[in-house]
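Peer 1: I am attaching a structure below and will ask some questions about it afterwards.
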Amino acid sequence: MEFVGIVKLKNGHNIPVKVHAENEIEAKEAIEKNSDQITNQPIDEIICADLRFGFNIIDKVN
């Protein structure tokens, strides 16, 4: 499945990420594992949502 992830940085910026995983937990783990390739900034939070349900999560984050 495809998941959209929002990497919230401590400086207030958000980075959208798309990841393939079996479930939301695996998607978060994949983002955490590869966070050094995504950003070199300190990460505050990672939020993931299944792409089948749309991008409503982006509205909640921003």
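Residue numbering for the sequence shown follows the numbering used here, beginning at 24 and increasing consecutively.
C-beta: ideal position from N, C-alpha, C; glycine also.
1. So what does residue 39 bridge to, in DSSP terms?
2. Could you check if residue 35 is buried or exposed, using at least 16 other CB atoms within 10 Å of its CB as the buried criterion?
3. Residue 30 and residue 41: beta carbons closer than 9 angstroms?
4. Please report the Cβ distance between residue 24 and residue 59, rounded to the nearest whole angstrom; I am assuming they are in contact, meaning their Cβ atoms lie under 8 angstroms.
5. Would residue 54 be called buried (16 or more neighbouring beta carbons within 10 Å of its own) or exposed?
Peer 2: The relevant details are as follows:
1. Under DSSP, residue 39 takes part in a beta bridge, and its partners are 29.
2. exposed
3. No, the Cβ-Cβ distance between residue 30 and residue 41 is not below 9 angstroms.
4. 24 angstroms between Cβ atoms; not a contact.
5. Residue 54 is classed as buried because its beta carbon has at least 16 other beta carbons within 10 Å across all chains shown.
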